[in-house]
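To start, the structure under review is shown below, and the notes come after it.
2 protein chains.
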Amino acid sequence: MSNRFFLDPAISTIEDDRVILSGNEAHHFVRVMRGKVGDEIILFDGSGFSYRCSVESVGKATVTAHVLETLTDNIESSIRLTVATALPKGDRQHFLVEKLAELGVARFIPLRLERSVARSDAAVAQRLRRYVVEAAKQCGRNVLMEITNEMPLTELNDFLTQQRNVTKYLLHPLSLGVVGQTTLRTILANELPKQIAVLIGPEGSFTEHEIAMALRFGFQPLDLGARILRTETACLAVASVFLTCS
Amino acid sequence: MSNRFFLDPAISTIEDDRVILSGNEAHHFVRVMRGKVGDEIILFDGSGFSYRCSVESVGKATVTAHVLETLTDNIESSIRLTVATALPKGDRQHFLVEKLAELGVARFIPLRLERSVARSDAAVAQRLRRYVVEAAKQCGRNVLMEITNEMPLTELNDFLTQQRNVTKYLLHPLSLGVVGQTTLRTILANELPKQIAVLIGPEGSFTEHEIAMALRFGFQPLDLGARILRTETACLAVASVFLTCS
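Structure follows, in structure tokens:
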């Protein structure tokens, strides 16, 4: 996978059969990989297209390549999964975003909850985006996991409602006795919905008010079993189930 | 969960109703938590027993407590899952061991494979053990995930054979066309076996020879889907499925 590079539409160009790669990715090719004219590389644009290319020239900050073949194959799941939770702090953001992207999550929504512990601003968003690109390079995904702006619960609900036909789950332990709870085994007994969103609490867990709101919005409570999982573990667990058992 | 401490049988004692806690855990209580006489703490011995205690006295390096109640409840899964793989390097070991313990894996077996990248020696084993204890304290598990000595594939097979009735899977992508492959969805369509072991390759993947050996040993090839997962992600994914869908 080390010959894969992200062709950021914002800073790169494709014209006829020629591609100009610039920015971090060009730098990586030139300085880190010691790439050369004649090397074959795969450039993916993050929306599902990728281009098998041959490098024509190498500048200080750009790489020019000739497109040999346009590819549309991808390894995306048939399940479009959205994971919505409050960002954890520090390193744990990196693990979370990287692993969710690797597993094939379609979209991550940082939530502003009462017990959120980390801010989500432009600098954070940029850093998270970088993790997503790196994960895509490593794991062969040609589609970048989308990360939306941070939003509160009310906005999350509006957002998902506009998507239409999204089956919504709220991770909530059974021991709290909420009516209508389901389990993953039950869900897997049927064909999985094609669009799923899972709402997961922060480390300090949801407030009663947030739970009541989510239930009112039609999120179905989902129990993961007896062990208390940390936020990022719960996210990975539910993403693993939906994306490897579909 | 911050009042939970590990009662290491090797360095602690219980006599009648009195417990003496020493070592790291005592230090943590005294210096980090600023624990005091009269505090109520839960001490777990790692084998399933836990003791609700009241602190009687606090020394420099020991804590003496009176047992109020012996508890045998635990949150262990009905599925006894063994995960066997080559240890990844550095921080990724911590992440892997911590998350597997949190999810409820019964046993982790570090494997010596041809493409292993990290050594497993006494210092490593001690460090991994510490991660397991910390995970147990955090997530409320009263049973410590077992970590065996490092072993090669042949020894892994002997070990599992001695356990009897362990259903053995080898994580192996479908694209490699191995006959007899199954998927998680197929496995979940039936009642799960009570004892499961999953063999997962290192970052550089198994050699042909290792795969042939595992198949000969009766490990059934299991495919996780289209995306290539890193070793620790694959471990977490399969542990998540078996332990949250049972």
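Those protein sequences? They're chains A and B, same order as listed.
Add 20 to a position in the first sequence, counting from 1, and you land on the number used in our numbering.
Add 20 to a position in the second sequence, counting from 1, and you land on the number used in our numbering.
Glycine included, every Cβ here is placed at the ideal spot set by N, Cα and C.
Using a Cβ-Cβ distance cut-off of 8 Å, determine whether residue i contacts chain A.
i	result
B/Ala217	no
B/Ser260	yes
B/Lys188	no
B/Thr119	In the sequence as presented, Thr is not what sits at residue 119 of chain B; that position holds Lys. Cβ-Cβ to chain A under 8 Å: yes for B/Lys119.
B/Cys255	no
B/Glu122	yes
B/Leu191	no
B/Leu116	no
B/Arg247	yes
B/Arg51	no
B/Ile220	no
B/Ile95	yes
B/Arg236	no
B/Leu164	no
B/Arg205	yes
B/Arg127	no
B/Leu176	no
B/Leu63	no
Report the three-state DSSP secondary structure of residue i (helix, strand or coil).
i	result
A/Arg51	helix
B/Lys119	helix
B/Val103	strand
A/Thr168	coil
A/Ile248	coil
B/Asp141	coil
B/Gln240	strand
B/Arg150	helix
B/Phe179	helix
A/Arg205	helix
A/Val198	coil
A/Phe262	helix
A/Ala126	coil
A/Leu212	coil
B/Leu133	coil
B/Thr174	helix
Taking only beta-carbon positions, decide if residue i is within less than 8 Å of chain B.
i	result
A/Glu211	no
A/Arg100	no
A/Arg147	no
A/Leu107	no
A/Cys159	yes
A/Leu263	yes
A/Leu91	no
A/Arg150	no
A/Arg135	no
A/Arg24	no
Return the bridge partner residues of residue i from the DSSP annotation.
i	result
A/Arg24	A/Ile62
A/Lys109	DSSP, once it has assigned bridges, lists no residue as partnering A/Lys109.
A/Lys191	It is worth fixing the name first, because residue 191 of chain A is Leu in this sequence and not Lys. DSSP, once it has assigned bridges, lists A/Leu242 as partnering A/Leu191.
A/Val271	In the structure displayed, chain A extends from 21 to 266; residue 271 of chain A sits before or after that span and is not available.
B/Ile220	B/Thr105
Uninterrupted alpha helix (DSSP H) stretches inside the segment 30-99 of chain B (no shorter than 4 residues): Correct list: 43-47.
Stretch-stretch touch, CB-based, cutoff 8 Å, three pairs: the segment 175-191 of chain B with the segment 235-243 of chain B: yes
Inter-stretch contact at 8 Å, needing at least 3 Cβ pairs: the segment 83-92 of chain B / the segment 38-54 of chain B: The segment 83-92 of chain B, when compared against the segment 38-54 of chain B, does touch it at the 8 Å Cβ threshold.
Segment contact flag, the segment 101-114 of chain B with the segment 215-224 of chain B, C-beta cutoff 8 Å, min 3 pairs: yes
Stretch-stretch touch, CB-based, cutoff 8 Å, three pairs: the segment 152-165 of chain B with the segment 176-185 of chain B: No, because fewer than three Cβ pairs between the segment 152-165 of chain B and the segment 176-185 of chain B fall closer than 8 Å, the two stretches do not touch.
Any 3 or more C-beta pairs closer than 8 Å across the segment 118-134 of chain B and the segment 247-259 of chain A: The count of Cβ pairs closer than 8 Å, one atom from the segment 118-134 of chain B and one from the segment 247-259 of chain A, reaches three, so the stretches are in contact.
Stretch-stretch touch, CB-based, cutoff 8 Å, three pairs: the segment 48-61 of chain A with the segment 69-77 of chain A: yes
At least three beta-carbon pairs within less than 8 Å, the segment 147-158 of chain B to the segment 203-216 of chain B: no
Stretch pair the segment 21-34 of chain B + the segment 253-262 of chain A: three plus CB contacts closer than 8 Å: no
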